[in-house]
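Read through the structure below, which is laid out as structure tokens, and then see the notes.
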Amino acid sequence: MGAIKLRAWWWHRQGLDGSLMGATCPEVLERSGWARSLGGANTYLTLFSRAGCSRASVDNALARLDIHELPSARGATYVVPAPDFGLALQVGRGASRGEVRQAGKLGFSSIEIEQLCETVRKELEHAGEPLDANQLRERLGDKIQSFGVAGRKAGLASPLPVVLGLLQERGTIRRVPADGRLDSTRLTYMAWDDPPTDVGSDEQAHVELVRRYLSWTGPAGIDHMRWFTGFGTRALRAAVSMLDAREVEPGLWLLPELLDEFESYVAPKDPSYSLVSWIDALALLRRDITGIVAPQDLSIVLPDGKPVGELKDFPHHLIIDRGRVVGFWEFDPSAGAVVWAPFAKVHRQLLEAAVERTEKFIVDQLGDARGSILDTPQVRQPRIAAVRAFANLA
49 MGAIKLRAWW WHRQGLDGSL MGATCPEVLE RSGWARSLGG ANTYLTLFSR
99 AGCSRASVDN ALARLDIHEL PSARGATYVV PAPDFGLALQ VGRGASRGEV
149 RQAGKLGFSS IEIEQLCETV RKELEHAGEP LDANQLRERL GDKIQSFGVA
199 GRKAGLASPL PVVLGLLQER GTIRRVPADG RLDSTRLTYM AWDDPPTDVG
249 SDEQAHVELV RRYLSWTGPA GIDHMRWFTG FGTRALRAAV SMLDAREVEP
299 GLWLLPELLD EFESYVAPKD PSYSLVSWID ALALLRRDIT GIVAPQDLSI
349 VLPDGKPVGE LKDFPHHLII DRGRVVGFWE FDPSAGAVVW APFAKVHRQL
399 LEAAVERTEK FIVDQLGDAR GSILDTPQVR QPRIAAVRAF ANLA
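Quick note on my numbering: the sequence shown kicks off at 49 and runs consecutively.
Given below as structure tokens:
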């Protein structure tokens with residue numbers, strides 16, 4: 049089996065081949081996987097690149113609770129479709145333990161944490177509207193004590209972030225962007241009147257998450273699964289066995305119901321370009337750059353002097369062709385334009401059309417394409433300059 053087929057198959061399963069065009073937001077996330085957001089544009093780019101979803105349709109799906117951003121696998125937040133709310137919360141539970149221990153070291157016991165959890169929950173229930181952290185501090189006053197200098201040194205100024213994290217893990221409250229946008233810089237919280245329920249035992253939840261993972265991005269190895277799920281090797285091997293997954297390549301597992309389709313799949317001959325985020329599921333679910341970069345491209349040296357093959361995460365948004373990363377891009381807000389550079393041979397006319405489509409979407413509907421909540425235009429300038437420099441070298 050060749051690397052070209054594997055890359056194209058993952059691209060196909062991700063719906064980047066056009067097979068999800070016209071699908072709803074939750075349908076896309078069920079098929080391609082949960083979307084990491086980080087307060088940036090990834091979810092919008094994910095849904096646009098696969099199904100042509102407008103920003104308004106994504107925001108409406110969020111408002112209807114068809115999709116929601118939840119703490120999930122490894123405690124990371126993902127935008128999840130409604131059928132997976134319970135599973136997402138269950139596999140992410142316990143991620144706040146470290147912060148609870150840290151609060152304990154700062155003199156705030158676990159009993160006090162639970163008491164404050166109840167106080168915050170009741171305040172949000174009675175508020176009748178979402179509240180941000182500052183509004184909660186104002187309403188609760190000295191019930192939220194400061195950890196002082198020691199807390200600031202430890203990166204925990206008060207117990208409120210710990211409590212908000214715990215309540216979200218439990219599905220008691222949910223985090224809502226103040227302006228209804230997933231790339232919002234201001235977050236609020238509200239009580240969850242009808243919280244999702246667990247999918248069964250924790251072992252069942254582990255198996256269900258591995259099932260979904262392998263449907264999104266199988267064939268995959270245990271290391272790939274461990275990166276996304278945070279589960280131990282023993283639990284993952286047990287899940288693979290319970291799912292009767294097939295080892296189609298040494299160390300790469302696929303769900304049995306996908307085996308026939310996989311074996312008969314033929315990678316397309318014609319190029320097909322998509323512009324996606326640096327944390328698009330195609331890249332982030334596996335976090336294995338060598339899987340989606342062609343071997344001959346791994347030695348390409350970027351403007352910062354680092355070869356592509358030495359990267360752990362991509363430094364820019366990605367240009368994809370049939371599952372292969374063939375270039376980078378950034379959005380320059382001052383110019384209102386996508387700055388892009390291929391590092392592989394491309395069909396220039398087709399790629400320019402893909403750039404134009406994505407640029408129009410960003411300019412008309414998003415206004416910007418931040419990589420994360422911290423990715424301000426000023427922070428981004430060196431990356432934009434790097435892509436421009438790379439384009440001049442290509």
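Virtual Cβ for every residue (Gly too), placed ideally from N, Cα, C.
#1: Let me know the alpha helix (DSSP H) ranges lying completely inside the segment 192-271, each 4 residues or longer, listed in chain order.
#2: Straight-line CA distance for Ala-268 to Trp-377?
#3: At the level of alpha carbons, what is the spacing between Arg-282 and Gly-50?
#4: What is the DSSP secondary structure of Val-296, reduced to helix, strand or coil?
#5: Between which two residues does the beta strand (DSSP E) carrying His-116 extend?
#6: Output the boundary residues of the beta strand (DSSP E) element that contains Asp-308.
#7: Would Ala-71 and Pro-316 be called neighbours here (beta carbons separated by less than 8 Å)?
#8: Does Asn-90 pass the burial test, meaning 16 or more other C-beta atoms within 10 Å, or should it be called exposed?
#9: Is it true that the CB of Val-373 sits closer than 8 Å to the CB of Ile-340?
#10: Once DSSP output is grouped into helix, strand and coil, what is the label at Ser-455?
#11: Tell me whether the beta-carbon of Ala-121 lies closer than 8 Å to the beta-carbon of Arg-84.
#12: Note the first and the last residue of the continuous alpha helix (DSSP H) segment covering Val-76.
#13: Out of curiosity, what's the CA-to-CA distance linking Met-69 and Arg-98?
#14: Helix or strand or just coil, what does DSSP make of Gly-87?
#15: Let me know if Val-435 comes out buried or exposed under the rule of 16 or more other beta-carbons within 10 Å of its beta-carbon.
#16: Compare the C-alpha of Gln-62 against each of Val-386, Pro-390, Asp-352 and Ser-322 and name the closest.
#17: Taking the alpha helix (DSSP H) that Ala-331 falls in, what are its first and last residues?
#18: Pick helix, strand or coil for Asp-412, following the three-state DSSP scheme.
#19: By Cβ distance below 7 Å, which residues in the same chain neighbour Pro-243 in space, the five residues on each side in sequence not counted?
#20: If you draw a straight line from the C-alpha of Thr-236 to the C-alpha of Thr-406, how long is it?
The structure says:
#1: 196-202, 208-217 and 250-265
#2: The count along the sequence shown starts at 1 and reaches residue 268 at position 220. The count along the sequence shown starts at 1 and reaches residue 377 at position 329. Taking the straight line from one Cα to the other gives about 27 Å.
#3: The residue you call residue 282 lines up with position 234 of the sequence shown. The residue you call residue 50 lines up with position 2 of the sequence shown. In a straight line, the C-alpha of Arg-282 is about 29 Å away from that of Gly-50.
#4: Numbered from its first residue, the sequence shown carries residue 296 at position 248. Here Val-296 sits in strand by DSSP.
#5: The residue you call residue 116 lines up with position 68 of the sequence shown. Per DSSP, His-116 belongs to the beta strand (DSSP E) from 115-119.
#6: Sequence index remark: in the sequence shown, residue 308 carries index 260 (1-based). Unbroken run through Asp-308 is the alpha helix (DSSP H), 307-312; no beta strand (DSSP E).
#7: Here the question's residue 71 lines up with position 23 in the sequence shown. Here the question's residue 316 lines up with position 268 in the sequence shown. Their beta carbons are not under 8 Å apart, which means Ala-71 does not touch Pro-316 by this criterion.
#8: Here residue 90 corresponds to residue number 42 of the sequence shown, with the count starting at 1. That one is buried.
#9: The residue given as residue 340 occupies position 292 in the sequence shown. The residue given as residue 373 occupies position 325 in the sequence shown. Yes, the Cβ-Cβ distance between Ile-340 and Val-373 is below 8 Å.
#10: Since the first and last residues shown for the chain are 49 and 442, residue 455 lies out of range.
#11: Your numbering for residue 121 matches position 73 in the sequence shown. Your numbering for residue 84 matches position 36 in the sequence shown. Going by C-beta atoms, Ala-121 is not nearer than 8 Å to Arg-84.
#12: Reading the sequence shown from its first residue, position 28 is the one you call residue 76. DSSP places Val-76 inside the alpha helix (DSSP H), whose first and last residues are 73-80.
#13: Taking the first residue of the sequence shown as position 1, residue 69 is located at position 21. Taking the first residue of the sequence shown as position 1, residue 98 is located at position 50. Going from the Cα of Met-69 to the Cα of Arg-98 covers about 6 Å.
#14: The residue labelled residue 87 in the question sits at position 39 within the sequence shown. It is coil, neither helix nor strand.
#15: As a working mapping, residue 435 is identified with position 387 in the sequence shown. Buried is the call here.
#16: Here residue 62 is taken as the residue at index 14 of the sequence shown, counted from 1. Nearest of Val-386, Pro-390, Asp-352 and Ser-322 to Gln-62, Cα basis: Ser-322.
#17: Within the sequence shown, residue 331 is the residue found at index 283, counting from 1. Residues 329-332.
#18: Along the sequence shown, one-based indexing puts residue 412 at 364. Helix, per DSSP.
#19: The residue given as residue 243 occupies position 195 in the sequence shown. Once the five neighbours on either side are set aside, the close Cβ partners of Pro-243 are Gly-219 and Thr-220.
#20: Locating residue 236 in the sequence shown gives position 188, where the first residue counts as 1. Locating residue 406 in the sequence shown gives position 358, where the first residue counts as 1. In a straight line, the C-alpha of Thr-236 is about 30 Å away from that of Thr-406.
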